[in-house]
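Comments concern the structure below.
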Amino acid sequence: MRYLTFYSEYPIYEPAEGGYYYAGNEVTKSNRMSKRKCRTEFEKIWKECLKENRENGFKDDLSNYKEITQFYIYPWIRLGDTEICREGYLIGEGESIVIERKLGSQRKGWELYC
Numbered sequence: 093m094r095y096l097t098f099y100s101e102y103p104i105y106e107p108a109e110g111g112y113y114y115a116g117n118e119v120t121k122s123n124r125m126s127k128r129k130c131r132t133e134f135e136k137i138w139k140e141c142l143k144e145n146r147e148n149g150f151k152d153d154l155s156n157y158k159e160i161t162q163f164y165i166y167p168w169i170r171l172g173d174t175e176i177c178r179e180g181y182l183i184g185e186g187e188s189i190v191i192e193r194k195l196g197s198q199r200k201g202w203e204l205y206c
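Residue numbers (this note's numbering): 93 to 206.
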């Protein structure tokens with residue numbers, strides 16, 4: 093069994109050294125299903141993401157990435173066989189879709205500054 097998990101980012105403020113932000117993420121939705129069903133759902137989502145990229149003006153090979161992102165529109169990018177992600181203009185605006193064995197394995201939150 094695998095999990096098809098949707099993550100969304102949120103900004104975390106660290107007051108050290110004058111203050112800065114970094115991104116944490118949390119699970120917004122997760123579905124447990126068989127490995128085969130998980131893969132087919134993931135591929136359906138990827139096709140929808142490609143369609144959204146084309147509607148936003150991106151080419152399939154993302155050769156015009158710099159031209160379009162100056163308007164603060166970011167494409168969906170596939171990272172390997174198990175992850176689709178999109179960056180955001182500001183820290184904490186990104187989102188991702190992941191196939192994982194353990195629920196929440198890519199969750200990140202506040203980290204101790206040392």
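Glycine residues also receive a C-beta, built at the ideal position from the N, C-alpha and C atoms.
Glu187 - containing beta strand (DSSP E), residue span: Glu187 to Glu192
Count the other CB atoms, across all protein chains shown, that sit within 10 Å of the CB of Pro107; report buried if there are 16 or more and exposed otherwise. By the 10 Å Cβ count, Pro107 comes out exposed.
Within 7 Å, strictly: CB atoms of Lys121 and Phe150: Going by C-beta atoms, Lys121 is not nearer than 7 Å to Phe150.
What's the gap between the Cα of Gly116 and the Cα of Arg193? 20 Å
Using a threshold of 7 Å, state whether the C-beta atoms of Tyr102 and Gly186 are closer than that. no
Opposite Asn123 in the DSSP bridges: which residues? Leu96
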